[in-house]
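Have a look at the structure below, then the notes.
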Amino acid sequence: MAFKTHTWISLWFALTIPVIFWDAGYCFLRPRSMVGGDLHWIWKPYALYQEVDYVYGIRALEQGDGFTNAQSALNIVENFMNIGYLYLAHVTGSPVAPLLGFASAVMTLSKTVLYWLQEYYCGGCAVGHNDLKTLIVYWIIPNGLWLVVPSFIIWQLAKDITGALRVADKAAQKSASGKKQ
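Just so it is clear: in the sequence shown, position 106 is 128 by the numbering used here, and no numbers are missing.
This is the structure in C-alpha cells:
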C-alpha cells in the first residue's frame with residue numbers, strides 16, 4: 023500500500039527548513055550575530071527579538087545560559103529529519119517517510135512545549151518584561167505556530183501510520199489463516 027503525502031505537511035517542512043537554519047545560525051554565532059556584531063546584518067530582525075526574548079539576548083549569552091544553543095542543536099537535528107521526510111516522501115517514495123515526519127513533528131512539539139514550560143516555571147524570566155501586545159505579537163503568535171502546526175502534523179501522520187498498520191495486520195492475519203488450511 024502506497025502512503026499518501028500531504029501537501030500542507032511538505033510545505034510546512036519546506037518553509038521551516040531555512041527559518042530553522044537561520045535561527046540556529048543566529049544562536050551559534052552569538053555575539054557576532056547580535057546587534058553590534060559584524061554578522062548582524064544577516065539577522066537584523068533579531069535586534070528586536072533579542073529584546074523581546076532574553077533567551078536570545080545578551081544577558082543569556084553573558085550568563086552562559088546553555089539553553090539557547092542546546093535547543094538550537096536539537097533544531098538542527100529536527101531540520102535534518104524534515105529534510106529526510108521530504109526526500110523520502112517525494113524523491114524515493116519510501117513508506118518510512120510518515121514515520122520520520124511524525125518523529126520530527128513530535129520533536130518540534132516537545133521542544134516548543136519545553137520552551138513554554140521553561141518560561142512558565144521561571145516566572146516569565148525571559149519574556150515577562152514585555153507588555154501584553156508585544157508578548158502576543160512577537161512571542162505568543164510566532165511561537166504558537168510551532169505548537170499548532172506540529173500538533174496537526176502529528177495527528178495526520180498518526181492517522182496515516184495507524185491506518186497502514188491496520189491494513190498490514192489484516193494482510194498478515196489473512197496470510198496466516200491461509201497457511202493453516
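Ideal Cβ placement from N, Cα and C applies to all residues, glycine included. Note that the coordinates shown come from a computational prediction; the quantities given were computed from them, not determined experimentally.
Item                                                                                                                                                                                  : Value
Tell me whether the region 62-81 and the region 124-136 touch, counting them as touching only if at least three CB pairs, one residue from each stretch, are closer than 8 angstroms. : no
Just checking Leu139 against the ligand SAM - is the residue's beta carbon closer than 8 angstroms to any of the ligand's heavy atoms?                                                : With respect to the ligand SAM, the structure offers nothing, as it holds no ligand at all.
Any idea what DSSP makes of Thr156, helix, strand or coil?                                                                                                                            : helix
For a test of the three-state rule: what should DSSP assign to Ser55, helix, strand or coil?                                                                                          : coil
Hey, out of Cys144, Lys133, Leu179 and Ile31, whose CA is closest to Ser94's CA?                                                                                                      : Lys133
Should Tyr143 go down as buried or exposed, given a rule of 16 or more other Cβ atoms within 10 Å for buried?                                                                         : exposed
Alpha carbon to alpha carbon, how far is Lys196 from Pro172?                                                                                                                          : 36 angstroms
Which stretch, first to last residue, makes up the alpha helix (DSSP H) that contains Leu61?                                                                                          : Per DSSP, Leu61 belongs to no alpha helix (DSSP H) and is neither H nor E.
My assumption, with CB atoms under 8 angstroms, is that Pro120 sits in contact with Asp191. Please give the rounded CB distance.                                                      : At roughly 16 angstroms, the Cβ-Cβ gap does not stay under 8 angstroms, so Pro120 and Asp191 are not in contact.
Going by other Cβ atoms of all chains shown within 10 Å of its Cβ, with 16 needed for buried, is Thr29 buried or exposed?                                                             : exposed
Of all the options Ile105, Val118 and Thr156, which has the alpha carbon lying nearest to the alpha carbon of Leu70?                                                                  : Thr156
Rounded to the nearest angstrom, what separates Leu96 and His62 at their Cα positions?                                                                                                : 23 angstroms
What does the Cβ neighbour count give for Thr184, buried or exposed, with the cut at 16 atoms within 10 Å?                                                                            : exposed
Could you tell me the boundaries of the alpha helix (DSSP H) in which Gln93 lies?                                                                                                     : Phe89 to Tyr109
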